[in-house]
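Each remark here refers to the structure printed beneath this line.
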Amino acid sequence: MIRVAHLTKEFRVHRRDAGLAAAVRSLFRRRYDTVTAVRDLCVEIVPGERVGFLGPNGAGKTTTLKVLAGLLHPTGGEVRVLGHVPQRREPDFLRQITLVMGQKQQLLWDLPPADTFELNRAVYSVPEADFRVRRDEIVELLGIGDTMRKPTRQLSLGERMKCELCAALLHGPRVLFLDEPTIGLDVSMQHTVREFIRVTNERHGSTVLLTSHYMVDVLALCPRVIVIDRGRLCFDGRLEELVRSARPEKRIVVKLERPVERADLEAIGHVVRHDAAVAVLQVGNASLREAMARLLAGLPVADLTVEDPPLEEVMRDLFAREAGAAGADADGTGGPGGGSAEGPEEGEGDE
Amino acid sequence: MRRYARLFALQLRTSLQTGLQYRWDFVVEGLTGLLFALLGLLPLWVFKRNGAAVPGWGFPEMLVVVGWFTLLKGLIDGAVNPSLIVVVDHIRRGTLDFVLLKPADAQFLVSTGKFEPWRVLDVLVGVAICGSGFVLLGRWPGALDLAGALLLLVSAALVLYSTWILVVSAAFWVVRLDNLAYLFMSIFDFARWPVTVFRGAVRFAFTFIIPLALMTTYPSMALLGTLRPATGALAVAGALGYAAVARLVWRRAIARYTSASS
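Residue numbers (this note's numbering), protein chains in the order written: chain U, 1 to 351; chain P, 352 to 613.
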């Protein structure tokens, strides 16, 4: 379905120092650096999978999605999506994929989204009957029956995003590339969008590759995660494995019948939070059983739950560790483009 | 081909709907266009008042040229410029991604994305000015002359459109080059005069480098029945060749597209 072998994507970016003098100098003498946004990435995704694509800003996530969608040509390596080479942008390939970008919109600004839907129907040559069935299904799932008849410019961000999703999925794509589809949305709207993605995947077996900075999106939708940082693959596997490998710890949330001394808690594990009614302890997986026994035996426990550490913290730890490793590498190599996968400048690249 | 004809009709309908969303804009833009078209007659009127003359071109013949210029300008302002001005912005903002993700020819999609329907008034005024020239002449163009002129109209539109495509393609490299197109549109204003008004290097440039002659002088000559068929055929072939080059450059340019930051 999706096969990425040793994908590398480099951008040539113009670099100059700040200030007017540097700007004038750059008119005559330009300095270019090569920035490697993605390096030697190898990934395979099977049909129907929902995969979360994680990484800090500038990690190369959007670049990878755009290479997979055929918008960017890889500098090296091989990419196949549905058996096609994406950058050839063959119509048969483009009919089977979609790319939703949370920060960009394709809806016609002055017209109701229903007109964009109609235009996309013609562009994708979707038969009228199929179009109606799909549109009605999506409209019902997202609850945009009235929304799609108001001019786009009068819609809220959430309403627009829902209509963007509808416009992007009307042709029934088999592969969904979703680049931060919930960005800027309120909690309830995020939930609606997530549910819609999940139902679409389950009903139609479409493959979903999702990037998001909201970990709750990934937790709710993606059994598998791929983590990249500075263009390199850091992790590819199940979400639980990621948490286990990056933070082999559990959190015990204890509701207390009465206040206890902090020292009593510290004797059992690392105290993350402590107030009169609730305490949160962090303990290693190996000592979980013992810690729980000691809590129940020695403290006034009203209730007790065990959780994984928050994914945000897991990711922060993972990226900090990777940055440390990359820093150590860069000490040995240096040079332009050697260590950073920061997004290239406007018009040149990505993220 | 039928699919693209349907798509074209749909894009046109969408533009009309957009125009109708802003009713007053529609009226104001239409009337402004009309005013500018009529003001375009002013230089010719001054020219006539001062007793100036261009060899081979009397006042009625020059009216035909101005009429043709108004018609062509209406066509270009209504059907070519709006879409392509938008494309440069798409490239800068990275929203061209959505065009390139569609399973249809990207050049077709970007070229038909926006129309300004009220420009049809300019076209009608152009036809009326041309017609008044023929009324003064006391005769009408033959069917063959008319067919030749229309063929040259398509060629002229093709040349102007291809110039835009080259400008847009250049924007993939330097991002902002639409000012060049505005410069060109200013030069295009000279096309309201027969090319024989100009002398020496300017005339050469306006015939072969920026072919203003092809745009208004030759079609007017075809209407008036004074154009040599060989010149007309050469002009059409030149326009087709130019369009082919523009297409080639466009294809190379989109391969270079790097998309903008997310």
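Using N, Cα and C, we set each Cβ at its ideal position, and we do this for glycine too.
One Cα belongs to U:ASP17, the other to U:ALA23, and the distance between them is close to 8 Å. With a contact defined as Cβ atoms closer than 8 Å, P:PHE420 and P:ALA542 qualify at about 5 Å. From the listed residues U:ILE144, U:ASP275, U:ALA323, U:ASP115, the smallest Cα separation to U:ARG230 is found for U:ALA323. Chain-ordered listing is empty here: chain U has no CB closer than 9 Å to the CB of P:PRO433, the nearest sitting near 13 Å. Following the DSSP letters along the chain, one finds P:HIS441 in no beta strand (DSSP E) but inside the alpha helix (DSSP H) bounded by residues 432-444.
Listed in chain order, the non-local C-beta contacts of U:LEU41 below 6 Å within the same chain comprise VAL4, LEU7, LEU233, local neighbours out to five positions each way being set aside. In the three-state DSSP reduction, P:TYR373 falls in the coil class, being neither helix nor strand. Residues THR34, THR36, THR75 of the same chain have their beta carbon placed closer than 6 Å to that of U:GLU10, with the five preceding and five following residues left out of the count.
Three or more beta-carbon pairs drawn from the segment 586-597 of chain P and the segment 504-511 of chain P are found closer than 8 Å, and the two stretches are therefore classed as touching. The C-alpha of P:PHE466 is placed about 16 Å away from the C-alpha of P:ARG357. Sequence-ordered contacts of the segment 121-145 of chain U with chain P read ALA122, VAL123, TYR124, SER125 [C-beta pairs closer than 8 Å].
The closest CA to that of P:PHE359, considering only P:TRP396, P:LEU460, P:VAL471, P:PHE535, is found on P:LEU460. Of U:THR182, U:ASN201, U:ASP146, U:LYS66, the smallest CA-CA separation from U:GLY172 is found for U:ASN201.
For U:ASP229, the uninterrupted beta strand (DSSP E) run begins and ends at 224-229, by DSSP.
Secondary structure note for U:ARG232: its beta strand (DSSP E) is the uninterrupted segment 232-238. P:PHE557 is bridged by DSSP to nothing; it lacks a bridge partner. Residues of chain U whose Cβ lies closer than 8 Å to the Cβ of P:THR365 are, in chain order, LEU108, LEU111, ASP115, LEU119. Rounded to whole angstroms, the gap between the alpha carbons of U:TRP109 and U:ASP92 is 28 Å.
If you compare the alpha carbons of P:ARG554, P:VAL415, P:SER462 with that of P:PRO492, the shortest gap goes to P:VAL415.
Residues of chain U whose Cβ lies closer than 7 Å to the Cβ of P:ARG354 are, in chain order, SER125. The alpha carbon of P:GLY484 has as its nearest neighbour, out of P:LEU501, P:ARG607, P:LEU574, the alpha carbon of P:LEU574. Per DSSP, U:ILE268 is not a residue of any alpha helix (DSSP H), being assigned neither H nor E.
Spatial neighbours of P:LYS399 in its own chain (CB-CB distance under 6 Å, excluding positions within 5 residues in sequence) are listed in chain order as PHE410.
Residue contact check for P:ASP448 against chain U: a CB pair falls below 7 Å. Of the residues assessed, U:VAL67 falls on the buried side of the cut-off, its CB having 16 or more other CB atoms within 10 angstroms.
Here the segment 131-149 of chain U does not lie against the segment 51-58 of chain U, with fewer than 3 beta-carbon pairs under 8 Å apart.
Pairing U:GLU164 with U:GLN105 gives a Cβ-Cβ distance under 7 Å.
A Cβ-Cβ separation of about 7 Å places U:LEU239 in contact with U:CYS222 under the 8 Å criterion. Under the three-state reduction of DSSP, U:GLU78 is assigned to strand. A Cβ of chain U is located within less than 7 Å of the beta carbon of P:LYS453. Under the 7 Å criterion on CB atoms, P:LEU385 is classed as non-interfacial with respect to chain U. For P:ALA388, the closest C-alpha among the options P:ARG470, P:ALA404, P:TYR608 is that of P:ARG470. The beta-carbon of P:LEU599 is placed no less than 7 Å from the nearest beta-carbon of chain U. By the C-beta density criterion, U:GLU249 is buried, having at least 16 other C-beta atoms within 10 angstroms. Below the 9 Å Cβ cutoff, chain P contributes no neighbours of U:ARG194, its closest Cβ being approximately 20 Å away.
For U:VAL13, the three-state secondary structure derived from DSSP is strand.
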